[in-house]
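Working notes, structure below.
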Amino acid sequence: MDAQPRHIRLRNAGRGDRLSVSLPSRIARLFAGALAWGGLMALSASISLYFRNGFETLHLTELVTLFFLGGALAWPLIVLMAGLFARGAALETRFAACFVLLALGTIGVTALLFAMDYRVFYAEWHEPVLSKIGLKQLFGTTVSASYQFAVLGMRLYLPVGLPILGGASLWLAKAMR
10 MDAQPRHIRL RNAGRGDRLS VSLPSRIARL FAGALAWGGL MALSASISLY
60 FRNGFETLHL TELVTLFFLG GALAWPLIVL MAGLFARGAA LETRFAACFV
110 LLALGTIGVT ALLFAMDYRV FYAEWHEPVL SKIGLKQLFG TTVSASYQFA
160 VLGMRLYLPV GLPILGGASL WLAKAMR
C-alpha cells in the first residue's frame with residue numbers, strides 16, 4: 010500500500026481552476042475535530058455535573074460518555090451540512106449556520122443516543138421492533154426519551170457549552186471560507 014496521500018483534482022465550479030485536496034488529511038482533520046468536539050461536550054457535561062452536585066451521581070461515566078459520543082458522532086455530519094449550506098457565504102452567514110447546526114446537530118444526536126439507551130433498557134418488556142405494536146412502542150419510547158433529554162439533559166450543556174459553541178462556530182466558519 011502506498012504511504013503517500015492521494016491527491017484528488019477537483020474543478021472549482023464556474024472558474025475552471027484546479028484545486029488539489031488531500032483526502033486522507035481531510036479525513037484526519039474530520040476525525041480530530043470529532044474527537045475534539047466530543048471531548049468539549051464531555052467537558053461541558055462534567056463541569057455542569059460538578060457545579061450541580063459535585064459529581065455525586067451513580068451514572069457519571071455513562072453521562073460523560075453519552076455527551077462525548079453525541080458530540081463526536083455529530084461533528085462529521087455538522088461539518089458536511091455546514092459546507093452544503095454556507096460555503097462561499099459571508100463570514101456572518103457561515104457563523105450563524107455553524108452555530109445553529111452545531112447546536113441542533115449535537116443536541117439531536119445526543120438525544121438520539123439517549124433514546125437508543127432508553128430503548129435498550131425497555132426492550133425486555135417490549136414486543137419485537139418490526140411488529141406493529143413494537144413500532145408504536147419504539148416511537149413512544151423515542152419521543153418520551155427525547156422529551157426527558159430536552160428537559161433534563163440539555164442543562165448539562167450550560168454554562169460552559171454556550172461559549173464553546175460560539176468559539177467552535179467562529180472557528181469552523183473561518184475555516185470554511
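Counting from 10, one number per residue, gives the positions in the sequence shown under our numbering.
Even for Gly, the Cβ is constructed at its ideal location relative to N, Cα and C.
According to DSSP, simplified to helix, strand and coil, what is A159?
helix
Going by the CB atoms, is the gap between L181 and C107 shorter than 8 Å?
Less than 8 Å divides the Cβ of C107 from the Cβ of L181.
Span of the alpha helix (DSSP H) holding R96?
Element bounds for R96: n/a, residue is neither H nor E.
Contact check, A124 vs T150, beta carbons under 8 Å:
At a Cβ-Cβ threshold of 8 Å, A124 and T150 count as neighbours.
Suppose only complete runs of 3+ residues qualify. What are the beta strand (DSSP E) ranges in the segment 78-143, listed by chain order?
none
Identify the continuous alpha helix (DSSP H) that holds L171 and give its terminal residues.
G170 to M185
Run the proximity test for S155: is its beta-carbon closer than 7 Å to any non-hydrogen atom belonging to the ligand COA?
In the structure shown, the ligand COA is absent, as is every other ligand, since no ligand is present at all.
R61 and M185: beta carbons closer than 8 Å?
no
When burial is assigned at 16 or more other CB atoms within 10 Å of the CB, is G97 buried or exposed?
exposed
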